[in-house]
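**Q**
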Amino acid sequence: MSDLKTEEQVLTKEKLKLKKPAKYRVVILNDDYTPMEFVVWILRVVFYRTQVESEQIMLQAHTTGKALCGVYSHDIARTKVNETHMLAEEHGHPLHCQMEIEEGEES
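In structure tokens:
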């Protein structure tokens, strides 16, 4: 019993560093076949952009080859990419978008 009193127990509180979840950019890619109006419609219904924002994003994709639709968590980004591809296929368009990890994020 005296051993218990003479020994000191030091409890250290371990701090867990929680890593922020990575963010993903959803980027729409330009092609020569998908009508501009369809791209604007996709940006409105899938990404909830305004008409003006949708037109600006579509024009950027048209002139530079790709444009940012938004930055999301992994699951939401994956869902938006899948929804875009599904709607494009249903309407017979080759529209494609992709996920890119946000700069400064680790994979």
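Going by full-length UniProt numbering, the first residue of the sequence shown is number 1, and it counts up by one from there. By construction, the Cβ of each residue, glycine as well, lies at the ideal position given by its N, Cα and C atoms.
Using the C-alpha atoms, what's the distance from residue 15 back to residue 57?
**A** Numbered from 1 along the sequence shown, position 57 holds the residue referred to as residue 57. Numbered from 1 along the sequence shown, position 15 holds the residue referred to as residue 15. When rounded, the distance between both Cα atoms is 43 Å.
**Q** Out of 99, 55, 17 and 53, which has the shortest C-alpha to C-alpha gap to residue 85?
**A** As a working mapping, residue 85 is identified with position 85 in the sequence shown. The candidate whose alpha carbon is nearest that of residue 85 is 99.
**Q** Mapping DSSP to helix, strand and coil, what is residue 67?
**A** Indexing the sequence shown from 1 puts residue 67 at position 67. It is a strand residue.
**Q** If we count the other Cβ atoms within 10 Å of its Cβ and call it buried at 16 or more, is residue 71 buried or exposed?
**A** In the sequence shown, the residue the question calls residue 71 occupies position 71. By the 10 Å Cβ count, residue 71 comes out exposed.
**Q** When the Cα atoms are used, what is the spatial distance from residue 82 to residue 45?
**A** Sequence index remark: in the sequence shown, residue 82 carries index 82 (1-based). Sequence index remark: in the sequence shown, residue 45 carries index 45 (1-based). Spanning the two alpha carbons is a distance of roughly 13 Å.
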